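Everything in the sequence shown is counted per my numbering, starting at 1 for the first residue and increasing by one.
For every residue, glycine included, the Cβ atom is placed at its ideal position computed from N, Cα and C.
Source: prediction; values computed, not measured.
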Amino acid sequence: MTHKKVWESLLLYSTRNSQPVDIYLNAPRPAGYAEFRQRYAYMVADIDESEYPAYIHFGYRDIARMKKENLPDIFTGELGLIFV
1 MTHKKVWESL LLYSTRNSQP VDIYLNAPRP AGYAEFRQRY AYMVADIDES EYPAYIHFGY
61 RDIARMKKEN LPDIFTGELG LIFV
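1. Skipping 5 residues on each side, what residues in its chain have a beta carbon closer than 8 Å to that of Phe36?
2. How about Val21 and Ile74: do their beta carbons lie closer than 9 Å?
3. On the CB-based measure, 16 or more other CB atoms within 10 Å of its CB, does Gly77 come out buried or exposed?
4. Which residues share a DSSP beta bridge with Ser18?
5. Can you name the residues that DSSP bridges to Ile63?
6. May I ask which residues mark the beginning and end of the beta strand (DSSP E) holding Tyr87?
7. Select from Thr2, Leu12, Ser14 and Gln19 the residue whose C-alpha is nearest the C-alpha of Ala64.
Put into structure tokens, the structure is as follows:
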């Protein structure tokens, strides 16, 4: 009997992978953001490409430049979105 290979990741559990990256949605805050988050998190309905964040930005101004320039290859940000 062979077993399928499984990739184990601490992406959602490591604090290093949670970054202060915010998003900009073309939706009212907070209701539009909460609705997007719920659909994204629970895959309630497909998210159309036009609904994706228009851009991302750092949520705080006082983040060290070194931290901004050395983000992990994959991390979570605002609303629990996964960025690659």
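In short, the structure shows the following:
1. The residue you call residue 36 lines up with position 36 of the sequence shown. Result list for Phe36: Leu25, Ala27, Ile47, Glu51 and Leu79, in chain order.
2. Walking along the sequence shown from the start, residue 21 turns up at place 21. Walking along the sequence shown from the start, residue 74 turns up at place 74. Not in contact: Val21 and Ile74 (Cβ atoms no closer than 9 Å).
3. As a working mapping, residue 77 is identified with position 77 in the sequence shown. Buried, because 16 or more other Cβ atoms sit within 10 Å of the Cβ of Gly77.
4. For the purposes of this step, residue 18 is taken as residue 18 along the sequence shown, with counting starting at 1. Answer is Thr76, bridged to Ser18.
5. The count along the sequence shown starts at 1 and reaches residue 63 at position 63. Per DSSP, none; premise fails for Ile63.
6. This structure does not reach residue 87, given that the chain is present from 1 up to 84, and the question cannot be answered.
7. The residue you call residue 64 lines up with position 64 of the sequence shown. Checked all of Thr2, Leu12, Ser14 and Gln19; the closest Cα to Ala64 is Gln19.
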